[in-house]
Amino acid sequence: MPRVKTSQSAKKGHTRRKLAEQFAVGEVFIDVTKKEWKVGQPIGQGGFGCIYLADTNSSKSVGSDAPCVIKVEPSDNGPLFTELKFYQRAAKPELIQKWIRSHKLKYLGVPKYWGTGLHDKNGNSYRFMVMDRFGSDLQKLYEANAKRFSRKSVLLLSLRILDILEYIHEHEYVHGDIKASNLLLSYKNPDQVYLVDYGLAYRYCPDGVHKEYREDPKRCHDGTIEYTSIDAHKGVAPSRRGDLEILGYCMIQWLSGHLPWEDNLKDPNYVRDSKISYRENIANLMDKCFPEKNKPDEIAKYMEEVKLLGYAEKPHYQNLREILLQGLKATGNKDDGKLDLCILENGDLLTKIGLKLATLV
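Residue numbers 1 to 361, in UniProt numbering, belong to the letters of the sequence shown in order.
Put into structure tokens, the structure is as follows:
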């Protein structure tokens, strides 16, 4: 999906970044704790880095069922460094487990970080990070399902994402780029969803001091254009209310199949002005996206609640959860943890109506 980046510094950074070279299957990486990780087959590639299957080093080769992946980028590139800092501060396994216990959750959709280090090859230095392996992303499922999710699925997904956002916000970070392609299903459990890609994560409240509201024309429209917050359109640094606003746009798109400004994504000012107009009259937004009589009132209530948040205000996450839970109840559903997905024996992901999705990696 289109991304708009107008920051001159970002453009310069992109021209300086190097591409990662390929690493041979079986190559061993040693992290800062001296733990050895063996590289398997490549399974993905971003603009400047690669992702490989990985496992702890042994005499065996890394199989297709490897439990981990290793992300590799040239050491002087920025995104993996930013992501790594987030994981080191907020995603250590013991921190996540402590949160799960204290909040009585079944799981938390924040990937676990297992190790990092620098790896030299052919005179070049590469930064790497080892993390959990995941299955397919929600964008593939959304497209395979005729660009619609059921109301129950949307509400359950959003409840789990609220859990994630509350956790990362409490650890001084905001994500800033919530969207279906950054939401991955667990490799082994298709009813668990994880928010990934913290390369744009922003530490909004370092040492407990919230960043001040400041509009920067050089940063206008940062993020994924159709979902990014009104604050981001104005060049304001990401905040908690921005993450929640982005989630609201995702919910509307997943349920209705579209957003009103999708017809002109090449004009970021048009997208910004449309969002501002609809924020002032959320009823119009709902009428535009849900012309039928049976509108999802819980999404309108959610958007109204987020609209009232101040830039530095702490959200009432439980209030937002209660709004979504009321929507589940109104449709005869409950939070049973089931996303209405199933896995066939060959690993293919299907919706209940039988549409085939890409094989899980």
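Cβ atoms here follow ideal geometry from the backbone N, Cα and C, with glycine treated the same way. Values in this document were obtained by computation on a predicted structure and should not be read as measured data.
Look up residue i in the DSSP assignment and say whether it is helix, strand or coil.
i           : result
residue 290 : coil
residue 208 : helix
residue 151 : helix
residue 271 : helix
residue 105 : coil
residue 169 : helix
residue 250 : helix
residue 317 : helix
residue 242 : helix
residue 177 : coil
residue 54  : strand
residue 82  : helix
residue 334 : coil
residue 306 : helix
residue 221 : coil
residue 258 : coil
residue 38  : strand
residue 198 : coil
residue 229 : coil
residue 265 : coil
residue 45  : strand
residue 115 : strand
residue 87  : helix
In whole angstroms, what separates the C-alpha of residue i from that of residue j?
i           : j           : result
residue 315 : residue 264 : 31 Å
residue 249 : residue 323 : 16 Å
residue 340 : residue 159 : 15 Å
residue 310 : residue 213 : 10 Å
residue 284 : residue 271 : 16 Å
residue 169 : residue 97  : 16 Å
residue 95  : residue 257 : 36 Å
residue 306 : residue 61  : 49 Å
residue 300 : residue 149 : 17 Å
residue 357 : residue 195 : Per-residue confidence for residue 357 stands at a pLDDT of 38, beneath the threshold of 50, marking its modelled position as unreliable; the derived number appears in the next sentence. Taking the straight line from one Cα to the other gives about 20 Å.
residue 156 : residue 57  : 38 Å
residue 318 : residue 302 : 12 Å
residue 193 : residue 88  : 21 Å
residue 286 : residue 146 : 20 Å
residue 63  : residue 104 : 34 Å
residue 33  : residue 93  : 16 Å
residue 120 : residue 185 : 33 Å
residue 100 : residue 42  : 32 Å
residue 266 : residue 77  : 28 Å
residue 366 : residue 253 : Nothing can be reported for residue 366: it is not among the residues displayed for the chain, which extend from 1 to 361.
residue 189 : residue 141 : 15 Å
Can you give the beta carbon distance from residue i to residue j, rounded, assuming they're within the 8 Å contact cut?
i           : j           : result
residue 313 : residue 241 : 7 Å
residue 176 : residue 201 : 7 Å
residue 260 : residue 278 : 7 Å
residue 139 : residue 102 : Not confirmed; about 32 Å, so no contact.
residue 134 : residue 187 : 6 Å
Given a cut-off of 8 Å, decide if residue j and residue i are closer than it, judged by their beta-carbon atoms.
i           : j           : result
residue 191 : residue 85  : no
residue 31  : residue 116 : yes
residue 328 : residue 162 : no
residue 268 : residue 230 : no
residue 379 : residue 178 : Since the first and last residues shown for the chain are 1 and 361, residue 379 lies out of range.
residue 165 : residue 273 : no
residue 118 : residue 199 : no
residue 153 : residue 75  : no
residue 90  : residue 173 : yes
residue 137 : residue 183 : yes
residue 66  : residue 44  : no
residue 325 : residue 335 : yes
residue 233 : residue 275 : yes
### Message
Any contact between the segment 68-79 and the segment 125-132? By contact I mean 3 or more CB pairs, one from each, below 8 Å.
### Response
Touching, yes, given that three or more Cβ pairs across the two stretches are closer than 8 Å.
### Task
Would you check if there are 3 or more beta carbon pairs closer than 8 Å linking the segment 52-64 to the segment 22-32?
yes
### Task
Report yes or no: do the segment 97-113 and the segment 215-222 share at least 3 C-beta pairs separated by less than 8 Å?
no
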